[in-house]
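Trainee: Take 396 as the starting number for the sequence shown in the working numbering and just add one per residue.
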Amino acid sequence: MIILPKKKKFYITTPIYYVNSQPHLGHAYTTIVADMIVRWHRLKGEDVFFLTGTDEHGEKIQKAAEQAGKPTGQFVGEISEKFKAAWKSLNISFDDFIRTTEKRHEKVVMEFTKTVYDKGDIYKGSYEGLYCYGCENFKTTTELVNGRCPDHPTIALEQISEGTYFFRLSKYQKKLLQFFEKNPEFISPVNRREEIINRVKDGLKDLSITRPKDRVKWGIEFPADKGQVIYVWFEALTNYLTAVEWPKGKKFKYWPADVHLVGKEIVWFHSVIWPAMLFSAGIEQPKKIFSHGWWTVNGQKMSKTLGNVVDPVEFSKKYSVDIVRYFLVREIPLGDDGDFSEKALINRINGELVADLGNLVYRVLSLVEKFKGRIEGNPQLDKKLNLGKIDGYMEKLELHNALAEIWEFIRATNKYVNENEPWKLQGKDLGNVLYNLLESCRVISILISPFLPETSEKINKQLGTKTGALNKCKFTKFSGKIKKGEYLFRKVE
Ligand code: MSP
396 MIILPKKKKF YITTPIYYVN SQPHLGHAYT TIVADMIVRW HRLKGEDVFF LTGTDEHGEK
456 IQKAAEQAGK PTGQFVGEIS EKFKAAWKSL NISFDDFIRT TEKRHEKVVM EFTKTVYDKG
516 DIYKGSYEGL YCYGCENFKT TTELVNGRCP DHPTIALEQI SEGTYFFRLS KYQKKLLQFF
576 EKNPEFISPV NRREEIINRV KDGLKDLSIT RPKDRVKWGI EFPADKGQVI YVWFEALTNY
636 LTAVEWPKGK KFKYWPADVH LVGKEIVWFH SVIWPAMLFS AGIEQPKKIF SHGWWTVNGQ
696 KMSKTLGNVV DPVEFSKKYS VDIVRYFLVR EIPLGDDGDF SEKALINRIN GELVADLGNL
756 VYRVLSLVEK FKGRIEGNPQ LDKKLNLGKI DGYMEKLELH NALAEIWEFI RATNKYVNEN
816 EPWKLQGKDL GNVLYNLLES CRVISILISP FLPETSEKIN KQLGTKTGAL NKCKFTKFSG
876 KIKKGEYLFR KVE
């Protein structure tokens, strides 16, 4: 029996999205970025698991269903479907879409909570404070701006006083700080890491992790007290374990998560509360919490409460799915904020997509169509490709740099056309140039496939080739059957 070497595994997650509002461009951003990363790892031949889904419990959702005049179960089901449909139409290649109202999740949450309880890390107390329903979190007075939550200025805070159970977060302060020290890349990018470390150094308060049932009905029952439901964040974070069948399922081979991709406002939950929960339950820590920035519209965060939401699906109908995907990732470095502008999007279409990529493929295929000789020769253009550099950027999650490096190769290929002037060549010389150009286009189709999957497929169709893994990015014999089609992208006036 031949024993094949075990494939490297890669597990990436997006946050699970609240179902109190429709999917918007901000949600799509996190999901698209995760999709590009996971597709890159698939290209490398790794055994990947990509998880996304919806966060369906808690007071905020309960209230939204009441306002919509629908039974809560029906309400959350409908919006969850909208997220799933949006991700399908944006070509998101998730392996699992989890819903926190599923039985499998309830089971894991109960078991996880019991484990932490048995460890002695949960105790009964009472809580008094200002609550923000937007964040589903208590706020301290120092966090407020003009007496309101800065992220949800339109939602009035509520003074709440009630019996609750606490998780001993404070107990893990030292352990967390040691862990951050030993694993400098755990919280990325580095500016977020410093913020978090300083906050942890300031001291950690125990966390209220249950809500009385007479106020919050829509949640998972707290196993130690039937009068309480589990706090939505404590429950939601556990989804990352549910999907990989903690504690003993087959899929647990994917744990620990390699990347939890999150927006900057929820880094605290993922890099402090989640690791403390895992310490308590005796489970290995994820490898990286990566925080991306926010998309703003005219300088304001996109949100339903502010009424400035951009619909990613509508936008992709107007342009194309690939164009929206490309723009979001090329426009800003992962980790930075960006302001959404259609003008900037059009500039990228006309420049990089039409003039560089689209034009290259069209030019090459037009030349090949007229040529009757043999397409063969010596690899020359492959020297312009720095695959190691691109992969290095992808490993560091510098997606915009990886794309810029791929574009270097596209531009080098265009330059090769201009320098060799194939329209003046004949016979073997022309066969050689065309060989280099076709192999280059084939390699480009592989490299862009995680970012622009539809365009990659179109190029393959036109070249008559099959897309391959990253190890097919070497120049070999060109064996496609050309079938020139439409321009890949159209100029926008
Ligand atoms: N349900 C929680 C996450 C629980 S994970 C265990 C939640 N949901 S959310 O729907 O409010 O947000 C999910 C993600 O969308 C976050 O990563 C957030 O940063 C991202 N975005 C929401 N609006 C955004 C922008 N305007 N721009 C970029 N991303 C933003 O938080």
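By construction, the Cβ of each residue, glycine as well, lies at the ideal position given by its N, Cα and C atoms.
Can you give me the C-alpha to C-alpha distance between Val585 and Lys878, rounded to a whole angstrom?
Mentor: 48 Å
Trainee: Nearest by alpha-carbon distance to Leu730: which of Trp650, Tyr811, His687 and Arg743 is it?
Mentor: Residue 730 is actually Gly in this sequence, not Leu. For Gly730, the nearest C-alpha among the options comes from His687.
Trainee: Could you check whether the Cβ of Ser698 sits closer than 7 Å to any heavy atom belonging to ligand 1?
Mentor: Yes - ligand 1 has a heavy atom lying nearer than 7 Å to the Cβ of Ser698.
Trainee: Examine the Cβ distances between the segment 434-452 and the segment 482-501 and report whether three or more of them are shorter than 8 Å.
Mentor: yes
Trainee: If Ile843 and Ser851 are in contact, beta carbons under 8 Å, what's the gap, nearest whole angstrom?
Mentor: Under the criterion of beta carbons closer than 8 Å, Ile843 and Ser851 qualify as touching, at roughly 5 Å.
Trainee: I need the boundaries of the beta strand (DSSP E) containing Gln417, first residue and last residue.
Mentor: Counting along the chain, Gln417 falls outside any beta strand (DSSP E), and DSSP gives it neither H nor E.
Trainee: Just verifying my parser: in three-state terms, what is the DSSP assignment at Gln623?
Mentor: strand
Trainee: How far does the beta strand (DSSP E) with Ile805 in it reach, from first residue to last?
Mentor: Run containing Ile805: none in the beta strand (DSSP E); it sits in the alpha helix (DSSP H), Leu794 to Asn815.
Trainee: Which term fits Asn855, buried or exposed, when burial requires 16 or more other beta carbons within 10 angstroms of its beta carbon?
Mentor: buried
Trainee: Name the residue from Phe478, Lys402, Glu454 and Thr426 whose alpha carbon lies nearest to the alpha carbon of Phe417.
Mentor: Per the sequence shown, residue 417 should be read as Gln rather than Phe. Answer by Cα proximity: Phe478.
Trainee: Between the segment 509-526 and the segment 545-555, do three or more beta carbon pairs fall short of 8 Å?
Mentor: yes
Trainee: Could you check if Val639 belongs to the surroundings of ligand 1, using beta carbon to heavy atom distance under 7 Å?
Mentor: False, no ligand heavy atom lies under 7 Å from that Cβ.
Trainee: How long is the line joining the alpha carbons of Lys738 and Asn827, rounded to whole angstroms?
Mentor: Asn827 has its alpha-carbon roughly 40 Å from the corresponding atom of Lys738.
Trainee: The alpha helix (DSSP H) spanning Ser835 covers which residue range?
Mentor: Gly822 to Ile843
Trainee: Would you mind working out which of Ile432, Leu571 and Val719 sits nearest His419, comparing C-alpha positions?
Mentor: For His419, the closest C-alpha among the options Ile432, Leu571 and Val719 is that of Val719.
Trainee: Please state whether the Cβ-Cβ distance between Ile744 and Tyr714 is less than 8 Å.
Mentor: Contact: yes.
Trainee: Taking 7 Å as the line, does the beta carbon of His422 fall inside it for any heavy atom of ligand 1?
Mentor: yes
Trainee: Should Trp650 be listed as close to ligand 1, given that the test is whether its C-beta is under 7 Å from any heavy atom?
Mentor: no
Trainee: Go ahead and label Pro707 buried or exposed: buried means 16 or more other beta carbons lie within 10 angstroms of its beta carbon, across all protein chains shown.
Mentor: When all chains shown are included, Pro707 counts as buried.
Trainee: Closest to Lys577 by C-alpha separation, out of Lys682, Met672 and Cys530, would be which residue?
Mentor: Lys682
Trainee: Suppose the cutoff is 6 Å on Cβ atoms and the five residues either side in sequence are ignored; what does the same chain contact list for Gly440 look like?
Mentor: Ala864
Trainee: Measuring only from the beta carbon, is Trp690 closer than 7 Å to any heavy atom that is part of ligand 1?
Mentor: yes
Trainee: With three or more beta-carbon pairs closer than 8 Å as the criterion, would you say the segment 567-577 touches the segment 667-682?
Mentor: yes
Trainee: Answer yes or no: the CB of Asn586 versus the heavy atoms of ligand 1, is any distance below 7 Å?
Mentor: no
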